[in-house]
Amino acid sequence: MKIRTFLAAVLAAVGIAATTTGGATAAVPEPTTGSLRQYDIDAAYVSGLSSGGFMANQLHVAYSDVFDGAGIFSAGPYDCAQNNLNTALYGCMDTFMARKTPAQLEQLTRDRAAAGKVDPVANLSGDKVWLFHGTNDSTVKAPVNDDLATYYRDLGADVVYRNTSASGHAWVSPIGPNSCTSTSSPYVNNCGGDPVKEMLTHLLGSVKPASTAALTGELVRFDQGAYAPGGSPSAIGMGDEGFAYVPRSCRNGASCKLMVTLHGCYQYFGLVGNALMDKAYLNEYADTNDLVVLYPQTTTMTGNPRGCWDWWGYKSADYAQKSGPQMTAVTNMAKALGAGATTTTPAPTLPAPAGLAVTGTTDTTASLSWTLVAGAASYDVYRDGTKVNGAPVTTPSYTDPGLTAGTTYGYAVAAVDATGTASPRSAAVDATTTGAAAVCVTASNYAHTTAGRAHQSGGYTYANGSQQNLGLWNVLVTSTLKQTSPGYWVTC
1 MKIRTFLAAV
11 LAAVGIAATT
21 TGGATAAVPE
31 PTTGSLRQYD
41 IDAAYVSGLS
51 SGGFMANQLH
61 VAYSDVFDGA
71 GIFSAGPYDC
81 AQNNLNTALY
91 GCMDTFMARK
101 TPAQLEQLTR
111 DRAAAGKVDP
121 VANLSGDKVW
131 LFHGTNDSTV
141 KAPVNDDLAT
151 YYRDLGADVV
161 YRNTSASGHA
171 WVSPIGPNSC
181 TSTSSPYVNN
191 CGGDPVKEML
201 THLLGSVKPA
211 STAALTGELV
221 RFDQGAYAPG
231 GSPSAIGMGD
241 EGFAYVPRSC
251 RNGASCKLMV
261 TLHGCYQYFG
271 LVGNALMDKA
281 YLNEYADTND
291 LVVLYPQTTT
301 MTGNPRGCWD
311 WWGYKSADYA
321 QKSGPQMTAV
331 TNMAKALGAG
341 ATTTTPAPTL
351 PAPAGLAVTG
361 TTDTTASLSW
371 TLVAGAASYD
381 VYRDGTKVNG
391 APVTTPSYTD
401 PGLTAGTTYG
411 YAVAAVDATG
421 TASPRSAAVD
431 ATTTGAAAVC
441 VTASNYAHTT
451 AGRAHQSGGY
461 TYANGSQQNL
471 GLWNVLVTST
481 LKQTSPGYWV
491 TC
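Have a look at this one:
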């Protein structure tokens, strides 16, 4: 007993929590700087926690022509706050103050729709909505969440409301680093089930099992200024950078769906790093279900010290309408990815190339060949969904340079006719370059920090370079890391 007590005292003295969390099992890829590009998106949804949940509801209601449903962890009904911080805090989170009834907010929505400030209310009828509130969540009280369920049901939405979990105030995931009843950073809890699967099943109709292998998609880090009104994201309370996880199938031309996921207060990238992207358990389903996941980001500003989404008017009185600056920015991002697209492309005149094969690889190149397509003026070659040839390829072969050793890439080819119209892309093939891939190192989170592979902040461990959240900083939780460039570590 004395030894055990002494050990606990030592761990406490150096700030190490002697608690197991099951380790870090998710592995969001190292982000690649790029821009949002359009994919074949046939439906779009929005999800979020707390302030992100309020924002998800606002987006779904205001842009119901774009978003087909919503998944919300702990939030209240549309424009509950009425442009008033006290109402937000004491009526729409706590319940000390009076707040608008669902019926009053439903009429407000109809009035705004009639004025063109939000999309027609009729769009919400039949939309899938999944709601979650934990019995240990006292941040946004149960009656407020109940109002959200009533609001949606009264407007004809197909609502599933799960309110029996013991969770605290958090996004709930089977790989969450926090215990079920916790309400603490990074606000991703593990309650033993899989609410993410429940949410996606209700929204999408059915889902394939989440991937248990290493993620094969790409995490794109993009400039949010390209989508923010006025070009300055910080001026509207948003971070400089946002992220999008794009599965290989979507990059290669598959018909896909889009999920816009909005973090809660104190959960933005500038504070908790990759915590939500790494532990929300969405990317694992994205890989197996052709789902692009967009992770927009806020930051702090005057009137918003916690990095919340604007659901009470700290930036604009129009925060819950289509003209709201954050609403506009996020919807611009969704549309850039292909949500709500109405444009059509010329019908292809050529068939997809057949017989695509890998003819050789080196440490830095991959060589391909395919069957000649009659009538083709040239070909375009796609690596992981992005066209890689600058000049037209006029023969049925191509060597892709500048690759990384020991890395697998996905390739597809399209034929292009004399008018510039491209055929459907070929079936994809994988090419793995020769040479040694980065070595994975498994150790406790505490050992990773002492070896210079990671660092700790606020009791959590973050990989150096990538800032991936590895879970609690202690000697019991283990993670597996690899170094992809000097000083840049990511989970394997």
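All letters in the sequence shown, in the order written, are residues 1 to 492 by this note's numbering.
In this text, a Cβ means the ideal position worked out from N, Cα and C, and glycines have one as well.
Given residue i as reference, the closest of the options once Cα atoms are compared
i: Asn145; options: Gly176, Leu200 and Phe54; result: Phe54
i: Asp154; options: Thr101, Gln456, Thr404 and Pro143; result: Thr101
i: Leu481; options: Leu472, Gly487, Thr491 and Trp473; result: Thr491
i: Thr300; options: Leu89, Ala149, Asp310 and Tyr411; result: Asp310
i: Gly459; options: Lys141, Leu472 and Leu282; result: Leu472
i: Asp119; options: Ala235, Ala320 and Gly270; result: Ala320
i: Leu108; options: Thr33, Tyr161, Tyr151 and Gly402; result: Tyr151
i: Asp380; options: Thr365, Leu356 and Gly360; result: Leu356
i: Thr328; options: Leu49, Tyr45, Ala62 and Trp489; result: Ala62
i: Lys257; options: Ala170, Val188, Ala341 and Pro77; result: Ala341
i: Pro247; options: Leu219, Gly239, Cys265 and Glu241; result: Leu219
i: Asp158; options: Leu282, Thr135, Cys180 and Gly126; result: Gly126
i: Thr361; options: Thr183, Arg425 and Ala431; result: Ala431
i: Glu198; options: Asp40, Tyr161 and Lys335; result: Tyr161
i: Ala44; options: Thr404, Leu294, Thr408 and Gly465; result: Leu294
i: Ser167; options: Leu124, Asp318 and Cys191; result: Cys191
i: Asn178; options: Leu470, Tyr488 and Pro351; result: Leu470
i: Asp240; options: Ser255, Gly134 and Tyr268; result: Tyr268
i: Ala122; options: Arg99, Ser64, Gly176 and Pro396; result: Ser64
Strand pairing of residue i, partner residues [DSSP]
i: Ser457; result: Tyr460
i: Arg248; result: DSSP output for Arg248 lists no bridge partner at all.
i: Gln483; result: Trp489
i: Ala357; result: Ser369
i: Trp130; result: Gly71 and Val160
i: Asp430; result: Gly410
i: Phe243; result: Arg221 and Tyr295
i: Leu49; result: Phe73
i: Thr386; result: Arg383
i: Val416; result: Ser378 and Ala422
Rounded C-alpha distance that separates residue i from residue j
i: Thr25; j: Thr394; result: Any reading at Thr25 must be qualified, since the residue scores a pLDDT of 43, below 50, and its modelled position is unreliable; the value itself is stated next. Looking at the two C-alpha atoms, the distance is approximately 45 Å.
i: Glu106; j: Ala463; result: 46 Å
i: Asp111; j: Leu262; result: 27 Å
i: Ala422; j: Ala414; result: 6 Å
i: Met333; j: Val66; result: 12 Å
i: Asn57; j: Ala437; result: 44 Å
i: Ser444; j: Ala70; result: 38 Å
i: Asp42; j: Val292; result: 11 Å
i: Thr484; j: Ala81; result: 46 Å
i: Thr343; j: Thr359; result: Unreliable placement is indicated for Thr343, whose pLDDT of 47 sits below 50; no coordinate value is reported for it.
i: Gln224; j: Val475; result: 38 Å
i: Cys92; j: Val416; result: 56 Å
i: Gly324; j: Lys141; result: 26 Å
i: Tyr398; j: Ala412; result: 11 Å
i: Met238; j: Lys322; result: 17 Å
i: Trp312; j: Leu85; result: 6 Å
i: Asp194; j: Thr87; result: 33 Å
i: Ala213; j: Phe132; result: 28 Å
i: Lys117; j: Val330; result: 17 Å
i: Gly270; j: Arg251; result: 27 Å
i: Leu403; j: Val260; result: 31 Å
i: Trp171; j: Thr408; result: 32 Å
i: Gly487; j: Thr32; result: 16 Å
i: Ile72; j: Val441; result: 37 Å
Residue i (DSSP reduced to helix, strand or coil)
i: Thr532; result: The displayed coordinates of the chain run from 1 to 492. Any statement about residue 532 would go beyond what the structure contains.
i: Arg153; result: helix
i: Ile41; result: strand
i: Ser444; result: strand
i: Ala286; result: helix
i: Leu476; result: coil
i: Lys197; result: helix
i: Ser179; result: strand
i: Val140; result: coil
i: Val509; result: The requested residue 509 does not occur in the structure, where the chain is confined to residues 1 to 492.
i: Gly465; result: strand
i: Thr450; result: helix
Residue i, enclosing alpha helix (DSSP H) - first and last residue
i: Ala103; result: Pro102 to Ala114
i: Asp278; result: Ala275 to Lys279
i: Leu271; result: Phe269 to Val272
i: Gly471; result: Counting along the chain, Gly471 falls outside any alpha helix (DSSP H), though it belongs to the beta strand (DSSP E) covering Asn469 to Leu472.
i: Met327; result: Pro325 to Ala336
i: Asn83; result: Here Asn83 belongs to no alpha helix (DSSP H), and DSSP marks it neither H nor E.
Extent of the continuous beta strand (DSSP E) run through residue i
i: Glu218; result: Glu218 to Asp223
i: Asn190; result: Val188 to Asn190
i: Tyr494; result: Nothing in the structure corresponds to residue 494, since the chain is present only between 1 and 492.
i: Leu258; result: Cys256 to Leu262
i: Tyr382; result: Ser378 to Arg383
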